[in-house]
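Novice:
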Amino acid sequence: MGSAASKDSFMSYHDAIVPYEIYAPAYEQRTSLDLFRDSLGQGEAQDQVIARSWDSWFYGLGDQDFFRFDAPLCLFTKVLKFNHVLEGRGLPRISLYIAQCSITDLPPALQEDIPTPEIVKHVGKGDIYGSSIWLGIAPTYTPLHRDPNPNIFSQISGTKVIRLMTPKAGDSLFSSIQAELHRSGSSRIRTDEMMQGEERDKLHHAVWEADPIPRGAFEVMLDPGDAMFIPAHYWHSVKSLGEEGELNGSVNWWFR
1 MGSAASKDSF
11 MSYHDAIVPY
21 EIYAPAYEQR
31 TSLDLFRDSL
41 GQGEAQDQVI
51 ARSWDSWFYG
61 LGDQDFFRFD
71 APLCLFTKVL
81 KFNHVLEGRG
91 LPRISLYIAQ
101 CSITDLPPAL
111 QEDIPTPEIV
121 KHVGKGDIYG
131 SSIWLGIAPT
141 YTPLHRDPNP
151 NIFSQISGTK
161 VIRLMTPKAG
171 DSLFSSIQAE
181 LHRSGSSRIR
191 TDEMMQGEER
201 DKLHHAVWEA
211 DPIPRGAFEV
221 MLDPGDAMFI
231 PAHYWHSVKS
241 LGEEGELNGS
251 VNWWFR
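In this text, residue positions in the sequence shown follow full-length UniProt numbering: the first is 1, and each later residue adds one.
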């Protein structure tokens, strides 16, 4: 979305429905969400439709910090624009994440902008069973988890840092955290539990705040144009680097 042409192309598909995530644990962040919702209610007809859906996504959910919902692609650019208003008021900007959006669910013209790398087509059995785009407003974050099959992860905008752990080391760390929480969670799904509350805090502390980094862990930094191979069953946690409010985009392909 760097050039005027690319922005126009992006916005020509503003009605496409994509999956979003928002993490807003602090009171000030909730204030930012409320102000954005109020701005939608005063906008054009499409904004008011989104505002009514917004109410169902965010209200009556108690102490929930993490929210998942499907909405039009135009919501992303509306939040980007409103973040300038929030910045001017000294309030936290809204960190919106189009997370794990299947490339095959995008409009065909947008799919063409994300061609499958040749190397992915010719490794393993040539079975590309899944692909996703991750487009967010920093900070973005995915807790420690593992995938059942290999993965090529490519950075297209901004910078991300990945901490990768061997299966044995990751199994041990994840199991110890689950034991502390007196539960047995899944490590292969981005569950709401791992995305908020005590489980999120413990996973983040163990992976990102430990000094030195956990045994069996490796750190990789990816800039635009960089890609990395994540072997099957290797644990990984991913977060954006850079200033709050910056665009950060990645794409990945799972294959076998």
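Glycine included, every Cβ here is placed at the ideal spot set by N, Cα and C.
Quick caveat, the model's predicted, so the values are computed rather than measured.
1. Closer than 8 Å, CB to CB, is Met194 near chain B or not?
2. Does the stretch 239–256 come close enough to the stretch 173–185 that 3 or more CB-CB pairs lie under 8 Å?
3. Tell me whether the beta-carbon of Ser86 lies closer than 8 Å to the beta-carbon of Leu35.
4. Going by alpha carbons, who is nearest to Lys239 out of Asp226, Glu199, Pro143, Ala227?
5. Taking C-alpha atoms, which residue in Ser12, Arg183, Tyr141, Gly41 lies nearest to Ala109?
6. In the DSSP assignment, the beta strand (DSSP E) including Gln100 goes from what residue to what residue?
7. Taking the alpha carbon of Ile17 as the point to measure from, which residue in Leu106, Gln100, Val161 has its own alpha carbon closest?
8. Pick helix, strand or coil for Thr142, following the three-state DSSP scheme.
9. Could I get the ranges of all uninterrupted beta strand (DSSP E) runs contained in the UniProt domain "JmjC" (103–256), with 3 residues as the minimum, in chain order?
10. Provide the residue span of the beta strand (DSSP E) that contains residue 258, from first to last.
11. Along the beta strand (DSSP E) that carries Asp70, what are the first and last residues, could you check?
12. What residue does the alpha helix (DSSP H) around Tyr27 start on, and which one ends it?
13. Would you kindly check if the distance between the Cβ of Phe66 and the Cβ of Asp192 is under 8 Å?
14. Would you mind reading off the limits of the beta strand (DSSP E) that contains Pro92?
15. In its own chain, which residues sit with a C-beta less than 8 Å from the C-beta of Ala227, not counting the 5 before and 5 after it?
16. Within its chain, find whatever has a CB closer than 8 Å to the CB of Asp70; leave out the 5 residues flanking it on each side and keep chain order.
Specialist: Working from what's here:
1. Absent from the structure: chain B. Only one protein chain is present.
2. no
3. The residue you call residue 86 lines up with position 86 of the sequence shown. The residue you call residue 35 lines up with position 35 of the sequence shown. It is worth fixing the name first, because residue 86 is Leu in this sequence and not Ser. With a cutoff of 8 Å on beta-carbon distance, Leu86 and Leu35 are scored as near each other.
4. Stepping through the sequence shown from its first residue, residue 239 is reached at position 239. Minimum Cα-Cα distance from Lys239 among the listed residues Asp226, Glu199, Pro143, Ala227 corresponds to Pro143.
5. In the sequence shown, residue 109 corresponds to position 109, counting from 1. Of the listed residues, the one whose Cα sits closest to Ala109 is Ser12.
6. To locate residue 100, count along the sequence shown from 1; it is residue 100. Taken as a continuous stretch (DSSP letters only), the beta strand (DSSP E) holding Gln100 covers 96–102.
7. As a working note, residue 17 is residue 17 in the sequence shown. Of the candidates Leu106, Gln100, Val161, the one whose C-alpha sits nearest the C-alpha of Ile17 is Leu106.
8. Counted from its first residue, the sequence shown places residue 142 at position 142. DSSP places Thr142 in strand when its eight states are reduced to three.
9. 128–137, 141–146, 151–157, 159–165, 217–222, 227–230, 235–241, 247–255
10. Only positions 1 to 256 of the chain appear in this structure, which leaves residue 258 out of reach.
11. Walking along the sequence shown from the start, residue 70 turns up at place 70. 66–72 is the span of the beta strand (DSSP E), which, as asked, contains Asp70.
12. Within the sequence shown, numbered from 1, the residue matching residue 27 stands at position 27. Here the alpha helix (DSSP H) through Tyr27 covers 27–41.
13. As a working mapping, residue 192 is identified with position 192 in the sequence shown. As a working mapping, residue 66 is identified with position 66 in the sequence shown. Yes, they are a contact pair.
14. Position 92 of the sequence shown, counting from 1, holds the residue named residue 92. No beta strand (DSSP E) holds Pro92; DSSP gives it neither H nor E.
15. Counted from its first residue, the sequence shown places residue 227 at position 227. Around Ala227: Pro117, Ile152, Phe153, Ser154, Gln155.
16. Numbered from 1 along the sequence shown, position 70 holds the residue referred to as residue 70. Excluding positions up to five away in sequence, the list reads Ile17, Val18, Pro19, Tyr20.
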